[in-house]
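Chemist: Sharing a structure here in structure tokens format.
Numbering (our numbering), first residue to last: 112 to 807.
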């Protein structure tokens with residue numbers, strides 16, 4: 112259903128999640144329901160499209176752009192149905208709304224917007240064509256649209272902008288407003304460079320760190336040496352006397368310094384003399400956490416009688432999100448209102464949490480959503496925004512808070528450590544039972560102070576809660592499992608692919624080991640046991656394109672893995688050089704994905720490439736150590752994410768053709784890539800990888 116908003120220009124709205132399959136029925140229903148014309152300009156729960164007099168098509172996006180390319184994908188959907196030039200489509204990010212769905216996560220953005228965006232644009236086109244037909248006294252069906260214009264048979268044309276006012280007065284268009292069939296797509300499905308690419312590489316794109324908000328002063332925080340540590344006392348006399356320092360404020364997470372510049376703020380922060388009380392985990396280190404997790408894993412029970420067993424226990428370390436752009440938030444909190452600028456995947460939850468933290472009604476808090484330089488789940492929480500708001504309130508001035516890289520790695524959210532116990536029972540050449548039990552660290556909110564650590568507990572808990580085993584991917588007989596947890600006062604969060612990144616990695620390792628036990632080739636074994644034809648197809652494509660089972664030198668090998676989630680599936684083949692097992696390098700990655708309609712194949716390829724790097728990093732080198740309640744790592748220097756020298760020299764992505772609606776893709780490739788890397792390492796070294804990252 113598409114609604115007209117009362118406005119002087121053509122402005123339409125569609126509920127997010129509407130079903131375009133019933134577009135014609137919706138047109139008929141619309142004719143019978145005059146209430147469908149709204150008398151207010153509200154966009155709550157809606158995706159809103161406006162055609163401006165300047166011939167721009169503007170869609171206020173209730174999602175955040177964090178590098179995944181959602182603004183480009185939505186612009187392509189709009190351009191496709193409107194027959195507009197891509198350059199004429201603007202996709203600003205919407206401020207936090209009072210209600211509706213403004214959640215960016217779960218690989219859901221493109222799939223949730225595909226219907227509403229196309230229906231909006233198709234309806235707008237129908238109204239613009241009808242307006243042009245009335246102006247020229249021509250049959251509406253004789254007109255066509257191209258390049259943000261309506262064109263008559265005699266060559267006359269009018270820009271959408273010149274027609275928008277009259278189109279706004281049309282309630283029932285004279286031509287169909289049904290979106291195009293996939294066979295007529297000229298923009299959707301075409302590899303397209305991001306609409307913001309030039310702005311990003313030239314520095315024109317604006318991130319939170321680039322914002323210049325009146326009187327907002329640079330701010331940093333001195334943080335405790337241990338997780339959850341508290342300030343006992345602070346001597347700030349030297350810091351306050353330093354030039355450029357405006358305020359020193361004690362907050363829950365430490366002591367904040369507000370200054371003329373970040374240089375002044377960091378110098379004053381280092382001059383503070385603080386006595387800290389240790390956090391609640393001060394006596395806890397990795398070994399003890401691993402032992403607790405191992406003990407928390409539910410028992411597997413008894414295997415079927417007469418079956419042989421392939422078993423494994425797997426450990427995964429904590430992992431930082433480490434987005435390229437550090438957390439930054441601008442806050443201006445006054446006695447009766449507050450205004451915040453930052454990059455958020457959950458701005459509505461953020462608005463509510465900020466209002467609660469500073470003691471203001473939610474209606475008086477305004478949250479501006481800013482593009483983010485990466486997220487991978489980190490911006491589901493709003494640690495920096497809440498902290499900035501509290502500092503602004505205490506300092507009685509606007510502030511621009513920046514978390515340093517060390518702040519975020521040592522005190523920010525992280526993927527929970529987990530332990531997995533898996534047993535595959537096989538008899539007569541087949542797997543007859545598969546059980547996977549797991550335990551992961553869960554956050555004890557009462558101990559860690561959730562209000563200051565980032566709020567959004569409901570949304571993030573939904574995103575990061577334990578997920579069931581996905582080994583139903585295979586015909587493995589009776590599939591079962593269980594989950595346990597170890598509560599610790601640690602700042603945890605959903606990390607790209609959430610639990611699938613560890614659960615499916617462990618399962619794909621076991622699948623390889625079962626194949627080996629049965630004397631079967633890993634790819635051939637998967638082909639005969641996979642349930643889904645689409646998964647078999649991506650596996651076949653990957654094996655063919657990657658020349659599976661080719662002869663490799665000693666110390667080098669191939670590995671393969673598959674994954675299915677978000678209505679999509681993927682297979683990954685990697686080649687690894689582990690001649691030096693302590694310094695392995697993935698030299699080649701081949702991936703094939705079926706995500707339904709790939710709105711922008713170039714963007715999808717970038718997503719798959721990113722997930723491959725995530726898989727390489729978390730399997731081989733990237734993890735966080737906990738030493739007596741403190742995170743040991745502090746920057747990219749010791750949090751060993753894959754650099755260029757660790758990245759594959761050869762990468763290729765194959766997008767399977769499809770005309771079904773899009774599935775999810777942003778997180779899809781992580782489990783398959785991680786599983787393939789682990790399996791390649793096992794085959795190259797003759798070992799059975801069990802603790803990740805391998806070189807830790």
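By construction, the Cβ of each residue, glycine as well, lies at the ideal position given by its N, Cα and C atoms. Every value quoted in this text rests on a predicted model; they were computed, and no experiment measured them.
May I ask you to verify whether the segment 694-707 touches the segment 666-683, counting CB pairs closer than 8 Å and requiring at least 3?
Modeler: As far as the Cβ criterion goes, the segment 694-707 touches the segment 666-683, which means the pair count is three or higher.
Chemist: Go through the segment 615-683 residue by residue and report every complete run of the beta strand (DSSP E) that reaches 3 residues or more, in order.
Modeler: Entirely contained in the segment 615-683, the beta strand (DSSP E) runs reaching 3 residues are, in chain order, 667-676.
Chemist: Please list the segments of the alpha helix (DSSP H) lying wholly inside the segment 157-203, counting only runs of 4 or more residues, in order along the chain.
Modeler: Listed in chain order, the complete alpha helix (DSSP H) runs (minimum 4 residues) inside the segment 157-203 are 181-193.
Chemist: Thinking residue 433 and residue 752 are a contact (beta carbons under 8 Å), I'd like their distance in whole angstroms, please.
Modeler: On the chain shown, position 322 is the one that residue 433 refers to. On the chain shown, position 641 is the one that residue 752 refers to. About 6 Å; that satisfies the 8 Å criterion.
Chemist: Can you tell me which of the three DSSP states residue 297 falls into?
Modeler: Here residue 297 refers to the residue found at position 186 of the chain shown. Of the three classes helix, strand and coil, the one that applies to residue 297 here is coil, per DSSP.
Chemist: Give me the residue from 720, 360, 272 and 734 with the minimum Cα distance to residue 508.
Modeler: On the chain shown, position 397 is the one that residue 508 refers to. The residue with the shortest Cα to Cα distance from residue 508 is 360.
Chemist: Pull the bridge partners of residue 589 from the DSSP assignment, please.
Modeler: On the chain shown, residue 589 is found 478 positions in, with the first residue counted as 1. Answer is 544.
Chemist: Output needed for residue 176: all residues of its chain with C-beta closer than 6 Å, excluding positions within five of it in sequence on either side, in chain order.
Modeler: For the purposes of this step, residue 176 is taken as the residue at position 65 of the chain shown. Contacts found: 182 and 482.
Chemist: Buried or exposed: which applies to residue 323, given that a residue is buried once 16 or more other Cβ atoms fall within 10 Å of its Cβ?
Modeler: In the chain shown, residue 323 corresponds to position 212, counting from 1. Per the 10 Å Cβ criterion, exposed.
Chemist: Use the C-beta contact count for residue 362: other C-beta atoms within 10 angstroms, 16 or more gives buried, fewer gives exposed.
Modeler: What you label residue 362 is simply residue 251 of the chain shown in a count that begins at 1. Buried, since its Cβ has 16 or more Cβ neighbours within 10 Å.
Chemist: In this structure, does DSSP put residue 328 in helix, strand or coil?
Modeler: Here residue 328 refers to the residue found at position 217 of the chain shown. In this structure, residue 328 counts as strand in the three-state DSSP scheme.
Chemist: DSSP three-state label for residue 335, please.
Modeler: Here residue 335 corresponds to residue number 224 of the chain shown, with the count starting at 1. Residue 335 falls in the coil class under three-state DSSP.
Chemist: Do the segment 598-616 and the segment 636-648 touch if we need at least three Cβ pairs shorter than 8 Å?
Modeler: The segment 598-616, when compared against the segment 636-648, does not touch it at the 8 Å Cβ threshold.
Chemist: Do you know how far the Cα of residue 208 is from the Cα of residue 471?
Modeler: Translated into the one-based positions of the chain shown, residue 471 becomes position 360. Translated into the one-based positions of the chain shown, residue 208 becomes position 97. If I take the Cα positions, the gap works out to 16 Å.
Chemist: Assign residue 238 to one of two classes, buried (16 or more other C-beta atoms within 10 Å of its C-beta) or exposed (fewer than that).
Modeler: Within the chain shown, numbered from 1, the residue matching residue 238 stands at position 127. It is buried - the Cβ of residue 238 has at least 16 other Cβ atoms within 10 Å.
Chemist: Classify residue 768 as helix, strand or coil using the three-state DSSP reduction.
Modeler: Here residue 768 refers to the residue found at position 657 when the chain shown is read from its first residue. Three-state DSSP puts residue 768 in coil, outside helix and strand.
Chemist: Are the segment 226-246 and the segment 794-806 touching, with three or more C-beta to C-beta distances below 8 Å?
Modeler: Taking 8 Å as the limit for Cβ pairs, the verdict is that the segment 794-806 does not touch the segment 226-246.
Chemist: Evaluate residue 173 with the Cβ neighbour count: other Cβ atoms within 10 Å of its Cβ, from every protein chain shown; 16 or more gives buried, anything less gives exposed.
Modeler: Within the chain shown, numbered from 1, the residue matching residue 173 stands at position 62. Buried, by the Cβ-count rule.
Chemist: I'd like the span of the beta strand (DSSP E) that includes residue 257, first residue to last.
Modeler: Here residue 257 refers to the residue found at position 146 when the chain shown is read from its first residue. 255-257 is the span of the beta strand (DSSP E), which, as asked, contains residue 257.
Chemist: Going by the DSSP bridge assignment, what does residue 126 pair with across the sheet?
Modeler: Here residue 126 corresponds to residue number 15 of the chain shown, with the count starting at 1. DSSP output for residue 126 lists 157 as bridge partner(s).
Chemist: Mark residue 703 as exposed unless 16 or more other C-beta atoms lie within 10 angstroms of its C-beta, in which case mark it buried.
Modeler: Within the chain shown, residue 703 is the residue found at index 592, counting from 1. When all chains shown are included, residue 703 counts as buried.
Chemist: Residue 687 by DSSP, collapsed to three states: which one?
Modeler: Position 576 of the chain shown, counting from 1, holds the residue named residue 687. It is a strand residue.
Chemist: Assuming residue 605 is part of the alpha helix (DSSP H), what are its boundary residues?
Modeler: Your numbering for residue 605 matches position 494 in the chain shown. It is not in any alpha helix (DSSP H) - residue 605 carries neither H nor E in the DSSP assignment.
Chemist: Measure the C-alpha to C-alpha separation of residue 517 and residue 364 and round it to an integer number of angstroms.
Modeler: The residue labelled residue 517 in the question sits at position 406 within the chain shown. The residue labelled residue 364 in the question sits at position 253 within the chain shown. One C-alpha to the other measures close to 14 Å.
Chemist: Quick one, are the C-beta atoms of residue 546 and residue 592 less than 7 Å apart?
Modeler: Counted from its first residue, the chain shown places residue 546 at position 435. Counted from its first residue, the chain shown places residue 592 at position 481. Cβ atoms of residue 546 and residue 592: closer than 7 Å.
Chemist: Looking at C-beta atoms only, is the number of pairs between the segment 213-233 and the segment 463-470 that lie closer than 8 Å three or more?
Modeler: The segment 213-233 is not in contact with the segment 463-470.
Chemist: Ignore the nearest five residues each way along the sequence and tell me which others in residue 143's own chain have a CB closer than 7 Å to its CB.
Modeler: Mapped onto the chain shown, residue 143 falls at position 32. Any answer about residue 143 is weak, because its pLDDT of 29 lies below 50 and its placement is not dependable; what the coordinates show is given next. Hits under 7 Å: none found.
Chemist: Is the beta carbon of residue 461 less than 7 Å from the beta carbon of residue 500?
Modeler: Indexing the chain shown from 1 puts residue 461 at position 350. Indexing the chain shown from 1 puts residue 500 at position 389. No, these two residues do not count as a Cβ contact at 7 Å.
Chemist: Assuming the contact rule is C-beta atoms closer than 8 Å, residue 126 and residue 157 should be a hit. Round their C-beta distance to whole Å, please.
Modeler: As a working note, residue 126 is residue 15 in the chain shown. As a working note, residue 157 is residue 46 in the chain shown. So it is a contact: roughly 6 Å between Cβ atoms.
Chemist: By the three-class DSSP mapping on this structure, what secondary structure does residue 271 have?
Modeler: The count along the chain shown starts at 1 and reaches residue 271 at position 160. Of the three classes helix, strand and coil, the one that applies to residue 271 here is helix, per DSSP.
Chemist: If residue 536 sits next to residue 633, beta carbons under 8 Å apart, how far is it from one beta carbon to the other, in whole angstroms?
Modeler: If you number the chain shown from 1, residue 536 lands on position 425. If you number the chain shown from 1, residue 633 lands on position 522. So it is not a contact: roughly 19 Å between Cβ atoms.
Chemist: In terms of alpha-carbon separation, which member of 473, 777, 586 and 408 lies closest to residue 596?
Modeler: For the purposes of this step, residue 596 is identified with residue 485 of the chain shown, where counting begins at 1. Of the listed residues, the one whose Cα sits closest to residue 596 is 408.
Chemist: For the candidate residues 313, 333, 234 and 759, whose alpha-carbon lies nearest to that of residue 281?
Modeler: Numbered from 1 along the chain shown, position 170 holds the residue referred to as residue 281. For residue 281, the nearest C-alpha among the options comes from 234.
Chemist: How about residue 333 and residue 510: are their beta carbons less than 7 Å apart?
Modeler: Indexing the chain shown from 1 puts residue 333 at position 222. Indexing the chain shown from 1 puts residue 510 at position 399. Not closer than 7 Å, so no.
Chemist: If I'm right that residue 701 touches residue 684 with Cβ under 8 Å, what's the distance once you round it to whole angstroms?
Modeler: To locate residue 701, count along the chain shown from 1; it is residue 590. To locate residue 684, count along the chain shown from 1; it is residue 573. That pair is a contact at about 5 Å.
Chemist: Quick check on this structure: which residue in 246, 504, 270 and 774 has the alpha carbon closest to the alpha carbon of residue 645?
Modeler: Within the chain shown, the letter at position 534 stands for residue 645. The shortest Cα separation from residue 645 among 246, 504, 270 and 774 belongs to 774.
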